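Undergrad: One structure, pasted below without further comment.
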Amino acid sequence: MTALNKQALREVAEKATKGPWKVFSDIDTKTFSIHTPRDKRCENVIKWGGFDCQPNAEANAEFIAAFNPKVALALLDELDHYKSREERVTKLVLDNSTSWDALYKKLEAAEHRIAEHRKVLNSLAAVARRYLPDYDEHPEIQAADELLESAAGIKVKGE
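The opening residue of the sequence shown carries number 4 in the numbering used here; numbering runs sequentially from there.
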């Protein structure tokens, strides 16, 4: 429903006879009309022959009575409320999206630095194994090597 249609519906509903509306049926003629509880007899809001002789005439009259101006205005107010809420949430999301973009860039940069550090630590661990002649005889050096390999993301025996 466009804003123009909603505004037109609101204007029409505001000008109409205020609700609640009730269905009145003449048992003898089986005709239906719609009136307000304060109406005097024959001062109907709607008295339309189009209801008469239809298989669903009573249901149509009840629907029209139920969808009175008060109901239409309440639905339009609720629609406006949710539209306003949607606009606020959309603005909040858009406002936060810039900070999310900045955080995502920082995360990518941190992941890149971590990958570079892993390469350096991996190289240091390889150098330690290669150039320390008594590598196998020193548990503290092996522990440092395992720590470097673990920090570099390399699986160590026993993990």
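Think of the CB as a built atom: it goes at the ideal place given N, C-alpha and C, for glycine as much as any other residue. This structure is a prediction, so every number in the text was calculated from the model and none was measured.
(1) By the 10 Å Cβ neighbour count, where 16 or more other Cβ atoms means buried, how is residue 71 classified, buried or exposed?
(2) Quick check on residue 37: does DSSP put it in helix, strand or coil?
(3) Taking a contact to mean a Cβ-Cβ separation below 8 angstroms, would you say residue 64 touches residue 26 in this structure?
(4) Please report the distance separating the alpha-carbon of residue 94 from that of residue 69.
(5) If you follow the alpha helix (DSSP H) that residue 66 is in, where does it begin and where does it stop?
(6) Quick one: give me the first and last residue of the beta strand (DSSP E) that residue 29 is part of.
(7) When every heavy atom of the ligand ZN is checked, does at least one fall within less than 7 angstroms of the C-beta of residue 145?
(8) Tell me whether residue 21 sits in a helix, a strand or coil according to DSSP, three-state version.
(9) By DSSP, does residue 141 sit in helix, in strand, or in coil?
(10) Closest to residue 74 by C-alpha separation, out of 129, 13, 147 and 61, would be which residue?
(11) Give me the residue from 31, 76 and 134 with the minimum Cα distance to residue 20.
(12) Quick check: residue 61 and residue 28, are their CB atoms within less than 8 angstroms of each other?
(13) Determine the DSSP secondary structure at residue 135, reduced to helix, strand or coil.
(14) For residue 128, is the classification buried or exposed, using 16 other Cβ atoms within 10 angstroms of its Cβ as the cut-off for buried?
TA: Let's see:
(1) Counting Cβ neighbours within 10 Å, residue 71 comes out buried, since at least 16 surround it.
(2) Look at residue 37 here: in three-state DSSP terms it is strand.
(3) Yes; because the gap between Cβ atoms is below 8 angstroms, this pair is in contact.
(4) Rounded to whole angstroms, residue 94 to residue 69 spans 37 angstroms at the Cα level.
(5) Element bounds for residue 66: 60 to 69.
(6) Residue 29 -> beta strand (DSSP E) spans 25 to 29.
(7) Annotation note on the ligand ZN: not contained in the displayed structure, which lists no ligands.
(8) In the displayed model, residue 21 falls within coil according to three-state DSSP, outside both helix and strand.
(9) The answer is coil: DSSP assigns residue 141 none of H, G, I, E or B.
(10) The shortest C-alpha to C-alpha distance from residue 74 to any of 129, 13, 147 and 61 is the one to 13.
(11) Minimum Cα distance to residue 20 is reached at 76.
(12) Cβ atoms of residue 61 and residue 28: closer than 8 angstroms.
(13) In this structure, residue 135 counts as coil in the three-state DSSP scheme.
(14) It counts as buried.
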